[in-house]
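Heads up: take any position in the sequence shown, counting from 1, add 116, and you land on the working numbering. Heads up, the beta-carbon is just placed ideally off N, CA and C, and yes, glycines get one too.
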Amino acid sequence: MTTPWNQRYALRMQGMGSSLIRELLKLTQDPEIISFAGGLPAPEIFPVAAFDESACRVLRTYGSQALQYGMTEGYRPLRQWIVDYMARYGIEANVSNVLITSGSQQALDLIGKVLINPGDLILTEKPTYLGALQAWRAYQADYTCVPIDQDGVQIELLEEALCGGPKFMYILPNFQNPGGVTLSLERRLKLIEIADRYGVPIIEDDPYGELRFEGEHIPPLVVLDAQRHKEKQDCSDSEGFMRGNVIYTSTFSKTLAPGLRLAWIVAPTEVISRCVIAKQGMDLHTSSLIQMIAYDVLRDDFLQDHVRLIRQVYRQRRDVMLEALDKYFPPGTHWTRPQGGLFLWVILPEEIDTLDLMPKAIANKVAYVPGSAFYPDGSGHNTFRLNFSNAHPEDITIGIERLAEVVKNELYEYQEPMAAIA
Ligand SMILES: Cc1ncc(COP(=O)(O)O)c(C=O)c1O
Numbered sequence: 117m118t119t120p121w122n123q124r125y126a127l128r129m130q131g132m133g134s135s136l137i138r139e140l141l142k143l144t145q146d147p148e149i150i151s152f153a154g155g156l157p158a159p160e161i162f163p164v165a166a167f168d169e170s171a172c173r174v175l176r177t178y179g180s181q182a183l184q185y186g187m188t189e190g191y192r193p194l195r196q197w198i199v200d201y202m203a204r205y206g207i208e209a210n211v212s213n214v215l216i217t218s219g220s221q222q223a224l225d226l227i228g229k230v231l232i233n234p235g236d237l238i239l240t241e242k243p244t245y246l247g248a249l250q251a252w253r254a255y256q257a258d259y260t261c262v263p264i265d266q267d268g269v270q271i272e273l274l275e276e277a278l279c280g281g282p283k284f285m286y287i288l289p290n291f292q293n294p295g296g297v298t299l300s301l302e303r304r305l306k307l308i309e310i311a312d313r314y315g316v317p318i319i320e321d322d323p324y325g326e327l328r329f330e331g332e333h334i335p336p337l338v339v340l341d342a343q344r345h346k347e348k349q350d351c352s353d354s355e356g357f358m359r360g361n362v363i364y365t366s367t368f369s370k371t372l373a374p375g376l377r378l379a380w381i382v383a384p385t386e387v388i389s390r391c392v393i394a395k396q397g398m399d400l401h402t403s404s405l406i407q408m409i410a411y412d413v414l415r416d417d418f419l420q421d422h423v424r425l426i427r428q429v430y431r432q433r434r435d436v437m438l439e440a441l442d443k444y445f446p447p448g449t450h451w452t453r454p455q456g457g458l459f460l461w462v463i464l465p466e467e468i469d470t471l472d473l474m475p476k477a478i479a480n481k482v483a484y485v486p487g488s489a490f491y492p493d494g495s496g497h498n499t500f501r502l503n504f505s506n507a508h509p510e511d512i513t514i515g516i517e518r519l520a521e522v523v524k525n526e527l528y529e530y531q532e533p534m535a536a537i538a
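So this is what it looks like as structure tokens:
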């Protein structure tokens, strides 16, 4: 007798069906389509030669260690490198505060596994990172969300949402995915104060912080939170390191390459030990070979120069996209002007549904991600996300012109019957 699989799936799978958006995005694989949909870095500037050299060196020098099982916490020299690197940004941690993960997607999943019970409420920004919503839906989380504007999450609306008693807040302070906006210093300080007052922890997800093209660096929430606790003198664990309200996560996906699947969590040691136990059940540890090769690439100050190059390339692509939007998009449409990162966010007039518009865009050989995917409450029907890091500048201009044509046609279709009624 064959198994009736649909009677065997766990309850948690109920909210995890394939979405219409994912089906539409499959169509964007056509090479003639200029896709602004994926969150892909520019592959032309992946440091292939550096990895080639380091991979050979690691295998020649430490081959059997690199091919052996490793510690769940991660390769110690790489963790120490991360500690030293983060210290430049004011993040005070020690190796025992750092866990290497297989991408920050795994970090989010671990956080879900360690913190979320079925029915727990999670506070997110609106819109927010789709991958976090997906990861935590598996733990049967519910969401309460607070809208963002050009200065990030709207702090004045936060306390009302906190009254629902969320388990934690999920915040993307730098060049937010998908909005492209950055949380101002003033709001960061308020957020830290409110989190402290309500006793609600913050998950700070920061994949893009280093990719700032302009403007001043703003300290991460984990740093501001540590300062606050220091002032209140309740900051240290037994080893003298931070014991605040923030779990911080970042990744090498946007600064080295996403195919490495290499990222990290910084948290108080007690949280790290729980995450270690959870990670053992997932994959035992992140690839020893990849960690050792990445460490070999990173150790001679490679990243600083490489990130400089990435900023230069992405800045140019962002400028080309903004210029094309200014030139081709019709009145009544708006978009964010990110100071870094990979994405910008477009808002169309209310009457347009960007999910309905998507097949028309694909037919016109251009693609985006409809905004509703990033809204835990399914709103945002008139918005979409554009990625500017992956396409070549010439294609960005052509793609935006194509997209503008689709948007104008749609607006025209709506305005025609209105004119007839008038
Ligand atoms: C906000 C955010 N968090 C996490 C991730 C996952 O990154 P990683 O490649 O490290 O798993 C992404 C990827 O785009 C992201 O935008």
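Pop quiz: Ala483 and Ala477 are said to be a contact at Cβ under 8 Å. What is the actual Cβ separation, rounded to whole angstroms?
6 Å
Report the three-state DSSP secondary structure of Ser212 (helix, strand or coil).
helix
Go ahead and pull the three-state DSSP assignment for Met202.
helix
DSSP state of Gly356, grouped into three classes?
The predicted model places Gly356 with a pLDDT of 45, which falls under 50 and marks its position as unreliable; any figure quoted below should be read in that light. Gly356 falls in the coil class under three-state DSSP.
What does a CB cutoff of less than 7 Å around Ile409 pick up in its chain, not counting 5 residues either side in sequence?
Phe167, Ser170, Ala171 and Val174
Beta carbon shell of ligand 2 at less than 5 Å from a heavy atom
Absence of ligand 2 from the depicted structure is noted, with ligand 1 being the only ligands included.
With distances taken from CA atoms, which of Glu208, Leu438, Thr188 and Tyr259 is nearest Leu226?
Thr188
Once DSSP output is grouped into helix, strand and coil, what is the label at Val382?
strand
One question on the structure: do Leu301 and Glu241 come within less than 9 Å of each other, judged by their Cβ atoms?
no
Buried or exposed: where does Ser220 fall if 16 or more other Cβ atoms within 10 Å of its Cβ makes it buried?
buried
Compute the Euclidean distance between the alpha carbons of Arg518 and Lys481, then round it to the nearest angstrom.
7 Å
At the level of alpha carbons, what is the spacing between Ser403 and Leu273?
42 Å
From the DSSP output, in three-state form, read off Asp265 for me.
strand
Terminal residues of the continuous alpha helix (DSSP H) containing Asp412?
Ser404 to Leu414
Chain-order list of residues whose beta-carbon lies under 7 Å from that of Asp417 (same chain, five-residue window excluded)
none
From Val413 to Ala394, what distance separates their C-alpha atoms?
29 Å
Got a sec, what are the start and stop residues for the alpha helix (DSSP H) Ile308 sits in?
Leu301 to Tyr314
Within 10 angstroms of its Cβ, does Tyr430 collect 16 or more other Cβ (buried), or is it exposed?
buried
For Ile232, three-class secondary structure by DSSP
coil
When the Cα atoms are used, what is the spatial distance from Ser354 to Val199?
Reliability fails at Ser354, whose pLDDT of 48 lies under 50, so the model's placement of it is uncertain and the value that follows must be treated cautiously. Going from the Cα of Ser354 to the Cα of Val199 covers about 18 Å.
For Glu529, collect the residues of the same chain with a Cβ closer than 6 Å to its Cβ; drop the 5 residues on either side in sequence, then sort them by chain order.
none
If you compare alpha carbons, which of Leu246, Leu376, Arg415 and Ile516 is closest to Val436?
Ile516
For the 8 Å Cβ check, are there 3 or more pairs between the stretch 417-427 and the stretch 256-274?
no
Same chain only: Cβ atoms within 6 Å of Phe445, ignoring 5 sequence neighbours per side
Ala520
Taking the alpha helix (DSSP H) that Asp341 belongs to, which residues open and close that run?
Leu337 to Glu347
Three-state secondary structure (DSSP) of Glu174:
The amino acid at residue 174 is misidentified as Glu; the sequence shows Val. DSSP places Val174 in helix when its eight states are reduced to three.
Do Gln292 and Gly268 come within 9 Å of each other at the CB atom, strictly closer than that value?
yes
Determine the extent of the alpha helix (DSSP H) in which Leu274 is found, giving its start and end residues.
Leu274 to Leu278
Between the Cα of Ala373 and the Cα atoms of Pro447, Ile334, Ser389 and Pro159, which residue gives the shortest distance?
Pro159
Pull up the CB-CB distance for Leu458 and Ser505, whole angstroms please, since I reckon it's below 8 Å.
4 Å
In angstroms with no decimal places, state the Cα-to-Cα distance between Leu419 and Leu224.
24 Å
Could you tell me which residues DSSP pairs with Asp258 in its beta bridges?
Leu237
Limits of the unbroken alpha helix (DSSP H) element including Phe418:
Phe418 to Tyr444
So, helix, strand or coil for Asp146, using DSSP?
coil
CB Arg328 to CB Gln455, shorter than 9 Å?
yes
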